[in-house]
Amino acid sequence: MKKSILLSSIIFLVLLISASSCSKVEEGIVGKWKMEQMQLDPQETITWEFTSGGKLIVTTIKESDSSSDDYSFNFEKKMTKTLIRINDSRENIPSHSMDGLWRVEHFKNDILKIRRIEMNAGDDAPYLWREFMRLN
Numbered sequence: 066m067k068k069s070i071l072l073s074s075i076i077f078l079v080l081l082i083s084a085s086s087c088s089k090v091e092e093g094i095v096g097k098w099k100m101e102q103m104q105l106d107p108q109e110t111i112t113w114e115f116t117s118g119g120k121l122i123v124t125t126i127k128e129s130d131s132s133s134d135d136y137s138f139n140f141e142k143k144m145t146k147t148l149i150r151i152n153d154s155r156e157n158i159p160s161h162s163m164d165g166l167w168r169v170e171h172f173k174n175d176i177l178k179i180r181r182i183e184m185n186a187g188d189d190a191p192y193l194w195r196e197f198m199r200l201n
């Protein structure tokens, strides 16, 4: 009897801690992030800004030109993983769209790494990996 109570208590604490850590990740992701790129053009800067209202603003700045795309996003949880569902891309070329379900692979201090694991509506997703440094 004592063992079952102890085991139940331990399981409850583990679930409670994992649930609270997910909400900390969600709160921490809100803000502006600079995407780290491995490319030939160092003049291009891309930022992602997650707002507290569920809006994602992706801005590309190259020399004196800038463009942006607005998305909606929401957080989902799957066991101990935090997921970000991104929707509403205006991009007409599916391979350029950021829509889909992204898994937070790493989040610590000012570093965020996410990976797209599926497109919306169950479509196969091109593999995308994004790494960011916090701007604010």
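Take the sequence shown: its position 87, counting from 1, is numbered 152 in the numbering used here, and each next residue is one higher. Backbone N, C-alpha and C define an ideal beta-carbon position, used for all residues, glycine too. Note that the coordinates shown come from a computational prediction; the quantities given were computed from them, not determined experimentally.
Contact under 8 Å by Cβ, residue i with residue j
{"i": "S133", "j": "G119", "result": "no"}
{"i": "I151", "j": "L121", "result": "yes"}
{"i": "D112", "j": "M100", "result": "It should be pointed out that residue 112 corresponds to Thr in this sequence rather than to Asp. Yes; because the gap between Cβ atoms is below 8 Å, this pair is in contact."}
{"i": "R199", "j": "D175", "result": "yes"}
{"i": "F140", "j": "E170", "result": "no"}
{"i": "F172", "j": "I94", "result": "yes"}
{"i": "T125", "j": "S131", "result": "yes"}
Where residue i falls: helix, strand or coil (DSSP)
{"i": "E118", "result": "According to the sequence provided, residue 118 is Gly. The question's Glu does not apply to it. In the structure shown, G118 sits in coil (DSSP, three-state: anything other than H, G, I, E or B)."}
{"i": "V123", "result": "strand"}
{"i": "S69", "result": "helix"}
{"i": "E109", "result": "strand"}
{"i": "E91", "result": "helix"}
{"i": "L166", "result": "strand"}
{"i": "R199", "result": "strand"}
{"i": "T147", "result": "strand"}
Straight-line gap, residue i to residue j (C-alpha atoms, nearest Å)
{"i": "M184", "j": "Y192", "result": "10 Å"}
{"i": "C87", "j": "K143", "result": "Confidence at C87 is low in this model, with a pLDDT of 49, below 50, so its placement is unreliable and no value can be given for it."}
{"i": "K146", "j": "I182", "result": "12 Å"}
{"i": "K127", "j": "P107", "result": "9 Å"}
{"i": "D164", "j": "G96", "result": "19 Å"}
For residue i, the residue or residues it bridges with in DSSP
{"i": "S133", "result": "T124"}
Spatial neighbours of residue i in its chain, beta-carbon cut-off 8 Å, leaving aside the 5 residues before and after
{"i": "W98", "result": "T112, W113, E114, F115, L177, F197, M198, R199 and L200"}
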